[in-house]
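Novice: Here it is, the structure, as structure tokens.
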Amino acid sequence: MSHVTGFVECYCGRTAVIRTAWTTENPGRRFQSCRDYDKGGCKFFSWEDPPMCSRAKAIIPGLLRKINAFEAENKGLLRRIDELEAENLKLKRKNLKFAIVVLIPLLVLICQWVCKVVYGKHIEGDNLKMIL
Ligand SMILES: [Zn+2]
């Protein structure tokens, strides 16, 4: 639980901290307590905010559930983006291999065929490199 430094002293004589309750009864309501309240510190406790109205108590938990659901969905979508980017990288590598293994030799064959048809002679080696 995150907190900020309060402005009163707890029963231990240390500055209390301000925390936020996220219970159904007090959603988002701030309170001051001992900084070690949940680790065996003193039992100092003081509400910082006034009690919430019944409408806020009814609405805020639903909004929190929606935020949590959206955050979970967003996390899943970000994970899916990572998966798709990895898959895209694999496909790019596969396309590059295809170009090297199939398309370039095919281009060479086409050039040789065109040269044979147009010039009437078979071209290969350094002469073909000059054309490409
Ligand atoms: Zn204390």
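According to the UniProt record's numbering, the sequence shown holds residues 1 to 132 in order. Where a beta carbon is used, it is the ideal one built from N, C-alpha and C, also for glycine.
Using the Cα positions of residue 30 and residue 51, report the straight-line distance between them to the nearest angstrom.
Specialist: Straight-line Cα distance between these residues: approximately 10 Å.
Novice: In the DSSP assignment, what residue or residues form a beta bridge with residue 22?
Specialist: Partner(s): 27.
Novice: With distance defined between alpha-carbon atoms, name the residue in 116, 3 and 114 nearest to residue 37.
Specialist: Comparing Cα-Cα distances from residue 37 to each of 116, 3 and 114, the minimum goes to 3.
Novice: Quick one: which unbroken alpha helix (DSSP H) runs of 4-plus residues sit fully inside the segment 36-105? Chain order, please.
Specialist: The segment 36-105 contains these whole alpha helix (DSSP H) runs: 54-98.
Novice: Can you tell me which of 25, 41, 46 and 72 puts its alpha carbon nearest to the alpha carbon of residue 18?
Specialist: Ranking 25, 41, 46 and 72 by Cα distance to residue 18 puts 46 first.
Novice: Could you check if residue 65 is buried or exposed, using at least 16 other CB atoms within 10 Å of its CB as the buried criterion?
Specialist: It is exposed - the Cβ of residue 65 has fewer than 16 other Cβ atoms within 10 Å.
Novice: Ends of the beta strand (DSSP E) at residue 13?
Specialist: Looking at the DSSP string, residue 13 is not in any beta strand (DSSP E), and its letter there is neither H nor E.
Novice: Compute the Euclidean distance between the alpha carbons of residue 59 and residue 15, then round it to the nearest angstrom.
Specialist: Approximately 33 Å, taken between the alpha carbons.
Novice: Exposed or buried, which one is residue 27 when buried takes at least 16 other CB atoms within 10 Å?
Specialist: Residue 27 comes out buried.
Novice: Can you give the Cα-Cα distance for residue 33 and residue 23, rounded to whole angstroms?
Specialist: So the alpha carbons of these two residues sit roughly 16 Å apart.
Novice: Given the structure, does residue 6 come close to ligand 1, in the sense that its CB is under 6 Å from one of the ligand's heavy atoms?
Specialist: The answer is no for residue 6.
Novice: Where DSSP assigns a beta bridge to residue 32, which residues make up the other side?
Specialist: Note: residue 32 sits in a beta bridge opposite 18 and 46.
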